[in-house]
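Colleague: Structure in structure tokens, see below.
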Amino acid sequence: MCPAMDLACEIREKGLTATFDRRWPDAFLLGTHGYFLMVAALLGRVDLFAFGVAAAVGSWGMFAWVRSG
Amino acid sequence: MRSRRPHRATLKAIAILLAALFLFTLAMRLHSPPAPDSPGEARGDGWLLLHAFEVLGIVVFALTVVHARRAWGDARVLCFFPPVVVYAFVFEDVNIQLSQIYTYNNNAWFVVHNTMVVVPLGWCAIVYVTILTLGRSPRAAAMTPVEKGLLAGSMALTIDLGIDATAFAYGLWVWDRGSWFGVPMMNFIGWFVVVFLWVSLRSWVEAKGLPAGKEARYTWGTTLIALGAQYPLYGAFILFFRLWGVD
Numbered sequence: 001m002c003p004a005m006d007l008a009c010e011i012r013e014k015g016l017t018a019t020f021d022r023r024w025p026d027a028f029l030l031g032t033h034g035y036f037l038m039v040a041a042l043l044g045r046v047d048l049f050a051f052g053v054a055a056a057v058g059s060w061g062m063f064a065w066v067r068s069g
Numbered sequence: 001m002r003s004r005r006p007h008r009a010t011l012k013a014i015a016i017l018l019a020a021l022f023l024f025t026l027a028m029r030l031h032s033p034p035a036p037d038s039p040g041e042a043r044g045d046g047w048l049l050l051h052a053f054e055v056l057g058i059v060v061f062a063l064t065v066v067h068a069r070r071a072w073g074d075a076r077v078l079c080f081f082p083p084v085v086v087y088a089f090v091f092e093d094v095n096i097q098l099s100q101i102y103t104y105n106n107n108a109w110f111v112v113h114n115t116m117v118v119v120p121l122g123w124c125a126i127v128y129v130t131i132l133t134l135g136r137s138p139r140a141a142a143m144t145p146v147e148k149g150l151l152a153g154s155m156a157l158t159i160d161l162g163i164d165a166t167a168f169a170y171g172l173w174v175w176d177r178g179s180w181f182g183v184p185m186m187n188f189i190g191w192f193v194v195v196f197l198w199v200s201l202r203s204w205v206e207a208k209g210l211p212a213g214k215e216a217r218y219t220w221g222t223t224l225i226a227l228g229a230q231y232p233l234y235g236a237f238i239l240f241f242r243l244w245g246v247d
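Chains E and C, in that order, are what the protein sequence lines are.
Using the working numbering, you'd call the opening residue of the first sequence number 1 and step up by one each time.
Using the working numbering, you'd call the opening residue of the second sequence number 1 and step up by one each time.
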């Protein structure tokens, strides 16, 4: 599921403060990768955008893997 | 008695990291992506994205401190943030002067000596989210400090892999030379080494369960150790990759 939608749903259900306490690392990752994907898109750099998406997926996946278990 | 064998998750993390490094260097040997055209020259946008990055980065750091106060309490925040902020500023500023291969955009608003303020603050925020995630992880609970450091270094590296090339392409900072979209391998090595060292030593301190005052002194002491130890470790990695012909 899209991480941004996931966070938005949780904010709606549990409130901003509770979501902030629980999901700040996710919001941080989303914001950081999202900002630089936006920059790559504004620069018209398809190669950097594609690589950024791959890195964001890998980063998100690694954090999720660490949290699980 | 606690087993001295590495935790299985750590072995997997190391294997993933080594595989990624191998593929990375193989890709570099097969094809070197071109550096962007004229990074750092005037963009005609008033450096809007540079200044937005600076302001948003400082806001994110402030939110990180707010989160840490709520999650950890003020005593632990005072043991964590002052040393890690000093560590980040010192290693960044020293590395710029020692390496002489990169500089920050001289249009940046918030600069201390040679360093754009948002960069070490952003690094601190990244270290915080990795430590927080490790602290909440059942998988990491049984890991040794070194294992946590290896995992934290890998986690931080995955973040930098996604952003550094784009930051350079826009002109947030300028590298003199680099194999990966203009970014040198030593940048990624540096990211891994500094996070690995600080988190390993910090995890060792945390495991001792010291009272707040003593924990703060230990953390400052290990920060000094990390500042000294990073250079030989960093040098060893760079030598290894240069033997592969990767810059």
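All C-beta atoms in this analysis are idealised placements derived from N, C-alpha and C, irrespective of residue type, glycine included.
1. Can you list the residues of chain C that E:Gly31 reaches, using a CB-CB cut of under 9 Å?
2. Between which residues of its own chain and C:Ala75 is the CB-CB distance below 8 Å, once the five residues before and five after are set aside?
3. In whole angstroms, what separates the C-alpha of E:Phe16 from that of E:Gly31?
4. Within a Cβ cutoff of 7 Å, which residues of the same chain sit near C:Glu215, ignoring the five residues on either side of it in sequence?
5. Bridge partners for C:Trp175 per DSSP, in chain order?
6. Could you list which residues in chain C have their beta carbon closer than 9 Å to that of E:Ala8, in chain order?
7. Taking 8 Å as the limit between beta carbons, can you name the residues of its chain near C:Arg69, skipping five residues before and five after?
8. Going by Cα to Cα distance, which pick from C:Trp220, C:Arg177 and C:Ser154 is closest to E:Val66?
9. Could you name the residues of the stretch 120-137 of chain C whose beta carbon sits closer than 9 Å to any beta carbon of chain E, in the order they occur along the chain?
10. On the criterion of 16 or more Cβ atoms from any shown chain inside 10 Å, does C:Val84 qualify as buried, or is it exposed?
11. Residues of chain C with a CB under 7 Å from the CB of E:Leu16: which are they?
12. Which class does C:Met143 belong to by DSSP, given the choice of helix, strand or coil?
13. With distances taken from CA atoms, which of C:Val112, C:Gly178, C:Gly73 and C:Leu63 is nearest C:Val278?
14. Measuring only the C-alpha atoms, how far is C:Arg202 from E:Ile11?
15. In three-state terms, what does DSSP make of C:Trp180?
16. Ordered along the chain, which non-local residues of its own chain (more than five positions away) have a Cβ less than 8 Å from that of C:Trp191?
Modeller: Per the coordinate set shown:
1. Within the first sequence, numbered from 1, the residue matching residue 31 of chain E stands at position 31. Those are Leu56 and Val60, listed as they occur along chain C.
2. Position 75 of the second sequence holds residue 75 of chain C. Excluding positions up to five away in sequence, the list reads Ala212.
3. For the purposes of this step, residue 16 of chain E is identified with residue 16 of the first sequence, where counting begins at 1. For the purposes of this step, residue 31 of chain E is identified with residue 31 of the first sequence, where counting begins at 1. A small fix is needed here, since residue 16 of chain E is Leu in this sequence, not Phe. Spanning the two alpha carbons is a distance of roughly 16 Å.
4. One-based indexing of the second sequence puts residue 215 of chain C at position 215. Contacts found: Cys79 and Val205.
5. For the purposes of this step, residue 175 of chain C is taken as residue 175 along the second sequence, with counting starting at 1. C:Trp175 pairs with C:Tyr102.
6. Position 8 of the first sequence, counted from the first residue, corresponds to residue 8 of chain E. By Cβ distance, chain C contributes nothing, its closest Cβ being about 17 Å from E:Ala8, past 9 Å.
7. Looking up residue 69 of chain C in the second sequence gives position 69. Excluding residues within five positions, the ones whose Cβ falls inside 8 Å are Val77.
8. Here residue 66 of chain E is taken as the residue at index 66 of the first sequence, counted from 1. The shortest C-alpha separation from E:Val66 is found at C:Ser154.
9. Gly122, Ala125, Ile126, Tyr128, Val129, Thr130, Leu132, Thr133, Leu134, Arg136 and Ser137
10. Taking the second sequence and counting its residues from 1, one reaches residue 84 of chain C at position 84. By the neighbour-count rule (16 or more Cβ atoms within 10 Å), C:Val84 is buried.
11. In the first sequence, counting from the first residue as 1, residue 16 of chain E sits at position 16. Under the 7 Å cutoff, chain C gives no residues; its nearest Cβ is about 12 Å from E:Leu16.
12. Locating residue 143 of chain C in the second sequence gives position 143, where the first residue counts as 1. DSSP places C:Met143 in coil when its eight states are reduced to three.
13. Outside the displayed range of chain C (1 to 247) lies residue 278 of chain C, so it cannot be described from this structure.
14. Counted from its first residue, the second sequence places residue 202 of chain C at position 202. Counted from its first residue, the first sequence places residue 11 of chain E at position 11. Using only the alpha carbons, I get a separation of about 32 Å.
15. Stepping through the second sequence from its first residue, residue 180 of chain C is reached at position 180. In the structure shown, C:Trp180 sits in a strand (DSSP, three-state: E or B).
16. As a position in the second sequence, residue 191 of chain C is number 191, starting the count at 1. These residues qualify, in order along the chain: Gly153, Ala156, Leu157 and Asp160.
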